[in-house]
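Chemist: Note that the sequence shown ends on residue 1968 in the working numbering; no numbers are left out. Cβ coordinates follow ideal geometry from the N, Cα and C atoms, glycine included. From a predicted model like this one, the values you see are computed outputs, not experimental measurements. Supplied in structure tokens, the structure appears directly below.
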Amino acid sequence: MKKIIISLLHSVMAFPGRRCFPAWLLVALLPISAFADTLPSSISQTLKRYDIPVSDVSIEIRDIESNQSILSVNGNVYRNPASVIKLITTLAALELLGPQHQWKTRYYVDGKIRDDVLVGNLVLRGGGDPFLTVDRFWNHVMTLRGLGIRSITGNLIIDNTLYDIPKHDRSAFDGAPNRLYNVGPDAALVNFSANRLVIQPLEGRVSVRNDPPLEGMKLINQLKPKSGKCSYKTSGWNYRIDQNADNIEVRFEGAYSTNCGGYSISRSLLPNNEYTYRLFKQLWMQSGGTLDGSYRVAPLPENSRLLSSHFSVPLSDLITSINKYSNNVMTRMLFLNLDAGNEDDRATLSGARNRLANWLLSSNIKIPDLYVDNGSGLSRTTRITSKGIAELLDLAWQSLYRPEFLSSLPLASLDGTMRKRLGNSPLAGRARIKTGSVKGVRSMAGYVVAADGKPYSVTVLIQSSNVTFQSGNQVQDAVLKWIHAKGS
1481 MKKIIISLLH SVMAFPGRRC FPAWLLVALL PISAFADTLP SSISQTLKRY DIPVSDVSIE
1541 IRDIESNQSI LSVNGNVYRN PASVIKLITT LAALELLGPQ HQWKTRYYVD GKIRDDVLVG
1601 NLVLRGGGDP FLTVDRFWNH VMTLRGLGIR SITGNLIIDN TLYDIPKHDR SAFDGAPNRL
1661 YNVGPDAALV NFSANRLVIQ PLEGRVSVRN DPPLEGMKLI NQLKPKSGKC SYKTSGWNYR
1721 IDQNADNIEV RFEGAYSTNC GGYSISRSLL PNNEYTYRLF KQLWMQSGGT LDGSYRVAPL
1781 PENSRLLSSH FSVPLSDLIT SINKYSNNVM TRMLFLNLDA GNEDDRATLS GARNRLANWL
1841 LSSNIKIPDL YVDNGSGLSR TTRITSKGIA ELLDLAWQSL YRPEFLSSLP LASLDGTMRK
1901 RLGNSPLAGR ARIKTGSVKG VRSMAGYVVA ADGKPYSVTV LIQSSNVTFQ SGNQVQDAVL
1961 KWIHAKGS
């Protein structure tokens, strides 16, 4: 566009009657955006280096204080934003629920308590707590033990009916069902259904452990220690999982270099509710209790009596875990919770989408063909424009909850998913950026403080068969460096 403007100016100046049509008037008649849609050379050269067409890229950079666009490329093209869509979920939750919002996990008695024995069932009623970690679950157990219950003769009943959603297929997205990002939402989810398998050289041998330990899960360690240089921590060994109806065995085989130090992998090896039951039983037995039965998933039985209630961490803390570390299942649960008005409602995906759409409408944000699949970005159908995200970033900047929102974003070179980025540049600590990535997509959105202290919002969406994780990073870095240099 700049070349077109210059060409027009030259034409006007060459025209014999140019004094009747001043060049400055031609410039004044052109829209401001005309100066903002040509890529700076540093960005265009980076795209060319990785053979990424400009048509596959959307960029929107705005002076956040005036909300004026300083660079806009393909701003109205709908693209998959990957995990950048988490920004809309977390901002909507802050605005609709408030930063102090908490969720409850409740325990009920379905039976009679005689002395220290519950003759009957214990009911865990999930309230959609997205961050019910193992340490907090242990606190639940100890509270129940403190109420005087030692033995449970019946089952653990898990009531997860708060969410009315289809059965989740962990293999559907990419055929990797054990990966944590593929864990589906569950109103009674505990510890993200995560197993952390830890390998640790120790006094000439190699130990393995499961964190947290689960009832009925056994690790078989056949790893042999080896000396010499550590090339890759993942080379020379493997593991396999064997499961029958009652027990799980994880067998480690091969050789592990003692010079590699410790190494861990996090996987989900069990369905959500079975994981919850096995972890509960393990912790219950560790506390000195006994559980005679097994578990079943069912609604809260009639005539059950409330035993104890436990609150989640506040929403303001929760969104920090979501945005800084891009936790998918937490975001999917938060998205559903937009539709969970109280414990008697059943949240649906369509209800959450409607609540989101109504909030955007009330906030005067119009993104006509916006589609949010599950709120987390682990989707191939979510669609939004870079201009739409820029409007959301502006809304967040004007929000009463701006401090909570900004503090949830990863800081370049300091924490979260940006911890290892831009560490040797002046941008360290000056960019708060949420990134996203699925196959063929690399995205980012957030805020940058330029060298002169002026804040800008930035959105970059790349959807291309040529983009990779690393090449996408290089394009993002080029954009961030260009913004920072504007203030130098």
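What is the residue span of the alpha helix (DSSP H) that ARG1542 lies within?
Modeler: Position 62 of the sequence shown, counted from the start, is the residue given in the question as residue 1542. DSSP places ARG1542 in no alpha helix (DSSP H) but in the uninterrupted beta strand (DSSP E) bounded by 1537-1543.
Chemist: Output the residue ranges of the beta strand (DSSP E) runs that lie fully inside the segment 1681-1751 and measure 3 residues or longer, sorted by chain position.
Modeler: 1685-1691, 1697-1706, 1717-1723, 1728-1737 and 1743-1747
Chemist: Which value, in whole angstroms, describes the spacing of the CA atoms of GLN1580 and GLN1878?
Modeler: Counted from its first residue, the sequence shown places residue 1580 at position 100. Counted from its first residue, the sequence shown places residue 1878 at position 398. GLN1580 and GLN1878: Cα-Cα distance of roughly 19 Å.
Chemist: Can you list, in chain order, the residues of its chain whose CB lies under 6 Å from that of HIS1790, leaving out five sequence neighbours each side?
Modeler: Counting from 1 along the sequence shown, the entry for residue 1790 is found at position 310. For HIS1790, where only same-chain residues beyond five positions count, the Cβ hits under 6 Å are THR1585 and HIS1620.
Chemist: Counting C-beta neighbours from all protein chains within 10 Å, is the total for MET1622 16 or more, i.e. buried, or is it exposed?
Modeler: The sequence position of residue 1622 within the sequence shown is 142, counting from 1. The residue in question, MET1622, is exposed, as its Cβ has fewer than 16 Cβ neighbours within 10 Å.
Chemist: Report back the beta-carbon spacing between VAL1589 and LEU1787 to the nearest angstrom; my notes put them in contact at under 8 Å.
Modeler: Position 109 of the sequence shown, counted from the first residue, corresponds to residue 1589. Position 307 of the sequence shown, counted from the first residue, corresponds to residue 1787. With a Cβ gap of about 5 Å, VAL1589 and LEU1787 count as contacting.
Chemist: Near TYR1911, what residues of its chain come up, given a Cβ to Cβ distance below 6 Å and the 5 sequence neighbours on each side ignored?
Modeler: On the sequence shown, residue 1911 is found 431 positions in, with the first residue counted as 1. Note that residue 1911 is Ala in the sequence shown, not Tyr. So the list reads ALA1892, VAL1928 and LEU1960, once near-sequence residues are dropped.
Chemist: Going by beta-carbon coordinates alone, are GLY1926 and SER1937 separated by less than 9 Å?
Modeler: Locating residue 1926 in the sequence shown gives position 446, where the first residue counts as 1. Locating residue 1937 in the sequence shown gives position 457, where the first residue counts as 1. In this structure, GLY1926 lies near SER1937, with their beta-carbon atoms less than 9 Å apart.
Chemist: Leaving aside the five residues before and after GLU1884 along the sequence, list all residues of the same chain whose C-beta is less than 8 Å from its C-beta, in chain order.
Modeler: Walking along the sequence shown from the start, residue 1884 turns up at place 404. If we look at GLU1884 and ignore the five residues flanking it on each side, its Cβ neighbours are LEU1574, PRO1579, SER1796 and ILE1799.
Chemist: In whole angstroms, give me the CA-to-CA distance for ALA1668 and LEU1642.
Modeler: Taking the first residue of the sequence shown as position 1, residue 1668 is located at position 188. Taking the first residue of the sequence shown as position 1, residue 1642 is located at position 162. One C-alpha to the other measures close to 9 Å.
Chemist: Starting from the N-terminal side, write out each stretch of the alpha helix (DSSP H) that is 4 residues or longer and does not extend beyond the segment 1573-1650.
Modeler: 1614-1626
Chemist: Skipping 5 residues on each side, what residues in its chain have a beta carbon closer than 6 Å to that of LEU1612?
Modeler: The sequence position of residue 1612 within the sequence shown is 132, counting from 1. The answer, listed in chain order, is VAL1670.
Chemist: Output needed for ARG1922: all residues of its chain with C-beta closer than 6 Å, excluding positions within five of it in sequence on either side, in chain order.
Modeler: Walking along the sequence shown from the start, residue 1922 turns up at place 442. So the list reads ILE1942, VAL1947 and GLY1952, once near-sequence residues are dropped.
Chemist: With DSSP run on the structure shown, which of helix, strand or coil describes ASN1817?
Modeler: Counting from one through the sequence shown, the residue named residue 1817 turns up at place 337. Helix at ASN1817.
Chemist: Using 9 Å as the threshold, is the C-beta distance between GLY1664 and ARG1676 below it?
Modeler: The residue given as residue 1664 occupies position 184 in the sequence shown. The residue given as residue 1676 occupies position 196 in the sequence shown. No, the Cβ-Cβ distance between GLY1664 and ARG1676 is not below 9 Å.
Chemist: May I ask you to report which of helix, strand or coil DSSP gives SER1951?
Modeler: As a working mapping, residue 1951 is identified with position 471 in the sequence shown. If DSSP states are grouped into helix, strand and coil, SER1951 belongs with the helices.
Chemist: Whole angstroms are fine: how far does the CA of GLY1773 sit from the CA of LYS1704?
Modeler: Walking along the sequence shown from the start, residue 1704 turns up at place 224. Walking along the sequence shown from the start, residue 1773 turns up at place 293. About 39 Å.
Chemist: Please classify LEU1841 as buried or exposed, where buried requires at least 16 neighbouring CB atoms within 10 angstroms.
Modeler: Locating residue 1841 in the sequence shown gives position 361, where the first residue counts as 1. When all chains shown are included, LEU1841 counts as exposed.
Chemist: Evaluate ASP1986 with the Cβ neighbour count: other Cβ atoms within 10 Å of its Cβ, from every protein chain shown; 16 or more gives buried, anything less gives exposed.
Modeler: It is not possible to answer for residue 1986, since the shown part of the chain is limited to 1481 through 1968.
Chemist: From ASN1662 to ARG1594, what distance separates their C-alpha atoms?
Modeler: Taking the sequence shown and counting its residues from 1, one reaches residue 1662 at position 182. Taking the sequence shown and counting its residues from 1, one reaches residue 1594 at position 114. Their backbone Cα atoms lie some 43 Å apart in a straight line.
Chemist: Report the residue ranges of all alpha helix (DSSP H) runs contained in full by the segment 1857-1934; include only those spanning at least 4 residues, in chain order.
Modeler: 1866-1878 and 1882-1887
Chemist: For the beta strand (DSSP E) containing LEU1786, list its first residue and its last residue.
Modeler: Within the sequence shown, numbered from 1, the residue matching residue 1786 stands at position 306. Taken as a continuous stretch (DSSP letters only), the beta strand (DSSP E) holding LEU1786 covers 1785-1791.
Chemist: Anyone know if the C-beta pair for LEU1858 and GLY1608 falls short of 9 Å?
Modeler: Working through the sequence shown from its first residue, we reach residue 1858 at position 378. Working through the sequence shown from its first residue, we reach residue 1608 at position 128. No.
Chemist: Expressed to the nearest angstrom, what Euclidean distance is found between the alpha-carbon atoms of ASP2029 and ASN1547?
Modeler: This structure cannot settle anything about residue 2029, because the visible part of the chain is limited to 1481 through 1968.
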